Amino acid sequence: MSQYKKSEINIEVVTDENHVPENITWSAQDGNVYKEDAKALMLSVWDSKDQETLRIDLWTKEMPVDEMKKFFHQTLVSMSDTYFRATQDDKMRDTMKDFCDYFAEKTEIKKG
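Just so we're aligned: the sequence shown equals residues 13 to 124 in this note's numbering.
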């Protein structure tokens, strides 16, 4: 008989009067994380019925552009790793990594 475990990740967003995020916190009991501050988040959920990705992209007013560039770069690198783990397609992973290097160079995250 298998044992099921339920986990929750909670995201709390406080907005101003124009619905612009002022504060984002997240909690994950399994990871011992409780109301940790975040300046940005990207969440993607696959809707199998409609065959489309549903997304939430948020960032606070205090998120500096240089940090946003790093956030995007690290997210793209992570996506290429996840893509490989899901598909074992090393050629596309390598192509994606090449783009990540290009992105880092063009956004001046790393000089090349």
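Cβ coordinates follow ideal geometry from the N, Cα and C atoms, glycine included. From a predicted model like this one, the values you see are computed outputs, not experimental measurements.
By the C-beta criterion, the stretch 73–83 is judged not to be in contact with the stretch 37–45, since fewer than 3 inter-stretch pairs fall below 8 Å. Between Val26 and Glu34, the CB-CB gap stays under 8 Å. Secondary-structure assignment with DSSP links Pro33 through a beta bridge to Thr27. The Cβ atoms of Asp28 and Thr37 do not sit closer than 8 Å to each other.
Leu70 is the residue among Gln15, Leu70, Asp62 and Ser14 whose C-alpha sits nearest the C-alpha of Glu24. The beta carbon of Val45 sits closer than 8 Å to the beta carbons of Trp38 and Ser39 from its chain, once the five residues preceding and following it are set aside; these are given in chain order. Taking each of Val89, Glu117, Glu120 and Lys118 in turn and checking the Cα distance to Arg105, the smallest one comes out for Val89.
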